[in-house]
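The structure under discussion appears below in the form of structure tokens.
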Amino acid sequence: MSLTTFSTERAGAQGGRQADSPAKVTVPSLLEKKLLRRPISAITAYDYASARLVDEAGLDIVLVGDSLAMVMQGHENTLAVTMDEMLLYTRGVRRAVKRALLVADMPFGSYHTNDREGLANAIRFIKESGAEAVKLEGSRERTELIRRITAAEIPVMGHIGLTPQSVHRMGGYKVQGKTMEAIDELRTDALALQEAGCFAIVLEGVPRELARIITEELHISTIGIGAGPDCDGQILVLHDMMTMTFSPPAKFVRRYADVAGVMRKALEEYRHDVEARTFPADAESYHFSREVRELMTEPIEVVG
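End of the sequence shown = 304 in the UniProt record's numbering, gap-free, step of one.
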């Protein structure tokens with residue numbers, strides 16, 4: 001048993017802080033941030049506890065990313081995670097997020113066969129998991145699908161540049177947009193996704209200069225990850241910024257805390273206390289009531 005909903009004292013205190021915080025983040029409010037040149041903060045989350053902490057911290061967007069295949073399930077890339085798994089994780093995050101805009105990643109294979117299946121899966125995210133928008137990867141070949149999804153009243157976030165679901169085609173996780181031809185292609189893709197109805201576009205793994213050009217050309221928001229500081233917003237994988245991954249970080253990752261180090265130390269101390277029989281102590285144990293203790297001291301009558 002674990003009190004995962006946190007204490008009532010903490011919830012009450014947080015409720016007071018939330019009363020003074022900005023209103024619920026929506027697609028229109030994000031577009032307004034673009035107009036006002038106010039940076040957009042976004043982060044991934046995959047479970048109730050971390051998503052609740054993210055939401056309490058006041059971030060604008062929570063993305064249930066298909067990166068969970070790597071950081072939560074231990075896969076080498078994002079391709080293995082399924083629709084049902086994405087729905088399951090998103091439902092848990094939904095129960096925690098109250099203020100931020102909740103976006104769900106459409107996993108590999110959920111929209112690649114045909115647009116009809118892609119639309120059906122986008123609808124599942126809204127109906128079955130409570131997501132408020134979906135994100136999908138790809139360039140202008142996705143425009144018809146995006147039009148169909150937005151026509152169904154579902155906001156869509158695009159994703160161009162380094163697209164992890166294309167890892168095999170790209171030959172690894174490599175910076176994109178390094179040649180004049182590639183620059184023109186990405187600029188054309190960004191404008192096409194905007195025209196198709198995306199409310200924002202993730203720019204991943206592209207030169208800072210290109211991200212700035214695209215950001216200035218679009219009237220929708222750009223969310224950068226490995227794209228420099230000139231985008232309208234930034235996103236990181238939660239486990240990367242908290243040092244909860246087991247490989248060297250990408251160049252664009254800033255590590256804000258060593259959560260893995262704290263957890264490792266705590267676990268080692270717990271193991272030591274268990275082996276030394278110092279945990280649990282008497283104060284961490286339950287006891288008989290006085291009435292039961294008195295009964296236990298009385299002699300037991302033998303019948304027969």
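C-beta atoms are modelled at their ideal positions from N, C-alpha and C, and glycine is treated no differently.
- [ ] Would you tell me roughly how many angstroms separate the C-alpha atoms of residue 85 and residue 61, rounded to the nearest one?
- [x] 21 angstroms
Open item on the list: Could you give the first and the last residue of the continuous alpha helix (DSSP H) run that contains residue 215?
Closed with: 208 to 217
Open item on the list: I believe residue 186 touches residue 206 by the beta-carbon criterion, under 8 angstroms. Please report the beta-carbon distance rounded to the nearest angstrom.
Closed with: 7 angstroms
Task: Range of the contiguous alpha helix (DSSP H) that encloses residue 135 - done: No alpha helix (DSSP H) holds residue 135; the beta strand (DSSP E) holding it covers 133 to 135.
Open item on the list: Just to confirm before moving on: does the CB-CB distance between residue 42 and residue 93 stay below 8 angstroms?
Closed with: no
TODO: Throw me the rounded Cβ distance for the residue 31 and residue 220 pair, which I believe falls under 8 angstroms.
DONE: 7 angstroms
Open item on the list: Does the structure place the stretch 129 to 141 close enough to the stretch 175 to 184 that three or more beta carbon pairs sit under 8 angstroms?
Closed with: no
Open item on the list: Does the stretch 61 to 74 come into contact with the stretch 256 to 266, if we say contact requires no fewer than three beta-carbon pairs (one atom in each stretch) closer than 8 angstroms?
Closed with: no
- [ ] Have a look at 225, 287, 157 and flag the residue whose alpha-carbon is nearest the alpha-carbon of residue 253.
- [x] 225
TODO: Label residue 143 either buried or exposed according to how many other C-beta atoms from any shown protein chain fall within 10 Å of its C-beta, with 16 as the threshold for buried.
DONE: buried
Task: Three-pair Cβ contact test at 8 angstroms for the stretch 168 to 181 versus the stretch 229 to 241 - done: no
TODO: Could you name the residues of the same chain whose beta carbon sits closer than 7 angstroms to that of residue 105, not counting the 5 residues immediately before and after it, in chain order?
DONE: 63, 64, 65, 66, 86, 135
Open item on the list: Using only CA atoms, which one of 153, 243, 148, 189 lies nearest to residue 305?
Closed with: In this structure the chain extends from 1 to 304, so residue 305 is not present and cannot be described.
Task: Neighbourhood of residue 13 by C-beta, 6 angstroms cutoff - its chain only, sequence neighbours within 5 removed - done: Note that residue 13 scores a pLDDT of 48, beneath 50, so its modelled location is shaky and nothing firm can be said.
Open item on the list: Let's test the definition: count the other Cβ atoms within 10 Å of the Cβ of residue 158 and tell me whether it reaches 16, buried, or not, exposed.
Closed with: buried
Task: Residues bridged to residue 105 (per DSSP) - done: 135
- [ ] Could you tell me which of 241, 108, 202 sits nearest to residue 222, measuring between CA atoms?
- [x] 202
Open item on the list: I'd like the list of long-range same chain contacts for residue 288, defined as Cβ closer than 6 angstroms, with 5 residues on each side in sequence excluded.
Closed with: none
- [ ] For residue 168, write down the residues that DSSP places opposite it in a beta bridge.
- [x] Residue 168 is not bridged to any residue.
Task: Pairwise C-alpha distance: residue 25 and residue 53 - done: 16 angstroms
Task: Nearest-angstrom Cβ-Cβ length linking residue 258 and residue 243, presumed shorter than 8 angstroms - done: 5 angstroms
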